[in-house]
Amino acid sequence: MINIGKDYSRFPAGRYLDDGNSNGQKFRDEFLIPALVAGDKLRVLFDDALGYGSSFLEEAFGGLVRAGYNKKRLDLDLELVTSDESMKLEIRQYISDAQRELGSAK
Amino acid sequence: MKKTRQWKAIRRLRRLEARSARASNAKRRLAIIESHRSRDHEELNSVAKDELVAPQKFSLKDDDQHRRLIDFLQRLRVAVGSGGPVRVDFRKTEMMYSDGTLLFFSELSRLKEMFPQVHLSCIPSKINRVNQVLQHLGIFGLFGYESAVVPSRPDVVAWRTISSAVYDSDAVGELIEKYGSLKDRSWYLFRSATEAMGNAVRHAYLEDRRDGLPEPTSKKWWMFVREAEGELTVALCDLGIGIPRSLPIKYPTELIHTALATVAGVLRASTRVGKVDANMILAAMEINRTRTGVAGRGKGLTDLRRIVDEVAGGSLVLISNRGRIIYSNGVFSKRGFERSIKGTLVHWTIPLS
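Residue numbers (this note's numbering), protein chains in the order written: chain V, 7 to 112; chain A, 2 to 354.
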């Protein structure tokens, strides 16, 4: 389980490594991917952070597809825990869009 | 007889003393007048180069106020860039609104950093409230003016400012967290504010600003926040190339034309540059809205309106170069101005009730 607000940053925002200390690329590479590699279903808790920039969410979660994780696996293994249902849908959309983009690029 | 002579001597002595005192007082008054004349001459000589009269209102709301403020900022840039010394006369200034004040504060801070050797001075306003704003925001300090004004008005001391040249979500988040009255709205405000900051850091300074000055060493954004009278005002400014110029750098022409056709109704050439700039702002938001899933693209500008969508009665004003869009109650309105602010200013008003 990863509690973003407690384990990573209370202020997650930004996309790339030069977008401050709480960016999406860093979260994906240092937290999400190692947890997925460990093999078990991954629960990610969102509500202890102040909020999330869309750039952070797209790079962290859409970026998982670009890093080699397909949508089917993420639908099964990635559980998003938040009171903001619209953000859950948003993240799933980023994953879908990244998968579609990857498919059209081949 | 003897007593009469003594009294006469005493009265004579007193007359002499009074005459001497009058002469001393006269000498002292003359010395004061002479020193004032000398100081005035020095001051006249020291500001002989450039004296600029600040506008009556620091505001970007209507054509006249917008033009006067932008013309003043242009003259300020020229004067400081030419080496100064420069004196700004605030005696006619009566009102300082958040949008115009943030733009002025950003420009002045930037000029001070770029030209630290240029001597700046100012004459304060006749309005105490204005002087409280100038003091509280540190503007008097930037002019090297030591004011005795102690900011005390609640609507003045409520202003907080931050600025940075990097992406700093911690600074923005910590500032937003101070406003407990936001409650769950802070979730959406954080998203909107950090995306505006991201746009400033990533896209604002892609090319030369074309303001006649050399490239600054640091490429900053500035932010104001204030809670007063039941609403939160948040504004963020960069002094970059503006959305109308950065959009063609980021996206292909066909994509921009498609977006322009969508937002402008019918794609037609406009001789009003301001209207073109306003349409480009809307086109940027449209592109961001429709290309959410493309690798390397975020919702960026679309996120700016998220807090307004979530809070009834809120508004977003986005001014970039000559264009301005206002978003409120789910509706966009746009207009163009004669002058360019040469940058981007994003301004939210969020009801707290």
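Don't be surprised by glycine CBs; every beta carbon is placed ideally from N, CA and C.
*By Cβ distance, which residues of its chain are closer than 8 Å to Pro245/A, with the 5 residues on each side in sequence left out?*
Answer for Pro245/A: Val277, Asp278, Met281, Ile282, Ser321, Asn322, Arg323 and Gly324, listed in chain order.
*Using a beta-carbon distance below 8 Å, is Gly357/A in contact with chain V?*
With chain A covering only 2 through 354, there is no way to say anything about residue 357/A.
_Straight-line gap, Phe191/A to Lys50/A (C-alpha atoms, nearest Å)_ = 45 Å
*Assigned exposure category for Ser107/A - 16 Cβ within 10 Å defines buried*: buried
*In chain V, which residues lie with their C-beta within 7 Å of the C-beta of Ile177/A?*
Leu56
*asked:* Let me confirm a value: Leu302/A is counted as buried when at least 16 other C-beta atoms fall within 10 Å, else exposed. Which label applies?
replied: buried
*How many Å lie between Glu43/A and Gly84/A at the Cα?*
Its pLDDT being 46, under 50, Glu43/A is placed unreliably by the model, and the measurement read from it follows with that caveat. Between Glu43/A and Gly84/A, the C-alpha separation is close to 18 Å.
_For the segment 212-232 of chain A against the segment 72-84 of chain V, do three or more pairs of beta-carbon atoms, one drawn from each stretch, fall closer than 8 Å, so that the two count as touching?_
Short answer: they don't touch.
*Take Gly315/A and list the residues in its own chain whose beta-carbon comes closer than 8 Å to its own, dropping the five residues that flank it on each side.*
Only Ile308, Val309, Ser329, Trp349, Thr350, Ile351 and Pro352 meet the Cβ criterion.
*Helix, strand or coil: which one does DSSP assign to Arg40/A?*
In this predicted model, Arg40/A has a pLDDT of only 48, less than 50, meaning its place in the structure is not dependable; the value taken from the coordinates is given anyway. Correct three-state label for Arg40/A: helix.
*Answer yes if the segment 186-200 of chain A comes into contact with the segment 52-65 of chain V, meaning at least three C-beta pairs across the two stretches below 8 Å, and no otherwise.*
yes
*Does the beta carbon of Ser341/A sit closer than 8 Å to a beta carbon anywhere in chain V?*
no
*Within-8 Å CB hit, Ile351/A to chain V*: With 8 Å as the cut-off, Ile351/A does not count as an interface residue toward chain V.
*For Lys62/A versus Met96/A, is the C-beta distance shorter than 8 Å?*
Contact: no.
*When the Cβ atoms of the segment 116-124 of chain A are set against those of the segment 155-162 of chain A, are three or more pairs found closer than 8 Å?*
Contact between the segment 116-124 of chain A and the segment 155-162 of chain A is absent, because fewer than three Cβ pairs lie under 8 Å.
_Taking the straight line between their C-alpha atoms, what separation do you get for Gln136/A and Ser89/V?_
Just so you know, the alpha carbons of Gln136/A and Ser89/V end up roughly 43 Å apart.
*Between Leu319/A, Ile242/A, Thr345/A and Leu346/A, which lies nearest to Lys335/A when the distance is taken from Cα to Cα?*
Leu319/A
_Does Ile128/A come out as helix, strand or coil in the three-state DSSP assignment?_
The three-state secondary structure of Ile128/A, taken from DSSP, is coil.
*asked:* Three or more C-beta pairs under 8 Å: does that hold for the segment 236-254 of chain A against the segment 336-347 of chain A?
replied: yes
*If you draw a straight line from the C-alpha of Asp304/A to the C-alpha of Glu52/A, how long is it?*
42 Å
*How would you list, in chain order, the residues of chain A whose beta-carbon sits under 8 Å from the beta-carbon of Ala73/V?*
None at all; the shortest Cβ gap to chain A is about 11 Å.
_Taking the alpha-carbon of Val226/A as reference, which of His204/A, Glu208/A, Ala172/A and Leu112/A has the nearest alpha-carbon?_
Ala172/A
*Top-ranked residue by Cα proximity to Phe91/A, from Thr102/A, Asp64/A and Gly82/A*: That would be Thr102/A, whose Cα lies nearest to the Cα of Phe91/A.
*asked:* With H, G and I counted as helix, E and B as strand and the rest as coil, what does DSSP make of Lys9/A?
replied: helix
_Rounded C-alpha distance that separates Ile101/V from Ile39/V_ = 14 Å
*Taking the alpha-carbon positions, what's the Thr259/A to Pro249/A distance?*
13 Å
*Residues bridged to Tyr328/A by DSSP?*
Partner(s): Leu317/A and Phe333/A.
*asked:* Residues of the segment 36-66 of chain V in Cβ contact with chain A at a cutoff of 7 Å, in chain order, please.
replied: Result list: Leu56, Gly57, Tyr58, Gly59, Ser60, Ser61 and Glu64.
*Determine the extent of the beta strand (DSSP E) in which Pro155/A is found, giving its start and end residues.*
Looking at the DSSP string, Pro155/A is not in any beta strand (DSSP E); the run it does join, the alpha helix (DSSP H), is Pro155 to Val158.
*Using a Cβ cut-off of 7 Å, pull out every chain A residue sitting near Arg16/V, in sequence order please.*
Gly174
*What are the start and end residues of each continuous alpha helix (DSSP H) run of 4 or more residues lying completely inside the segment 80-124 of chain A, in chain order?*
99-115
_Nearest-angstrom beta carbon gap, Glu96/V and Leu63/V [assumed within contact, 8 Å]_ = 7 Å
*For Ala41/V, which residues of its own chain have a beta-carbon under 8 Å away from its beta-carbon, when the five flanking residues on both sides are left out?*
Ile8 and Leu48
*Check whether the segment 142-152 of chain A touches the segment 176-188 of chain A, counting contact only when three or more Cβ pairs, one atom from each stretch, lie closer than 8 Å.*
no
*What's the gap between the Cα of Glu147/A and the Cα of Ile140/A?*
Answer to the nearest angstrom: the Cα atoms are 11 Å apart.
_Let me confirm a value: Leu77/A is counted as buried when at least 16 other C-beta atoms fall within 10 Å, else exposed. Which label applies?_
buried
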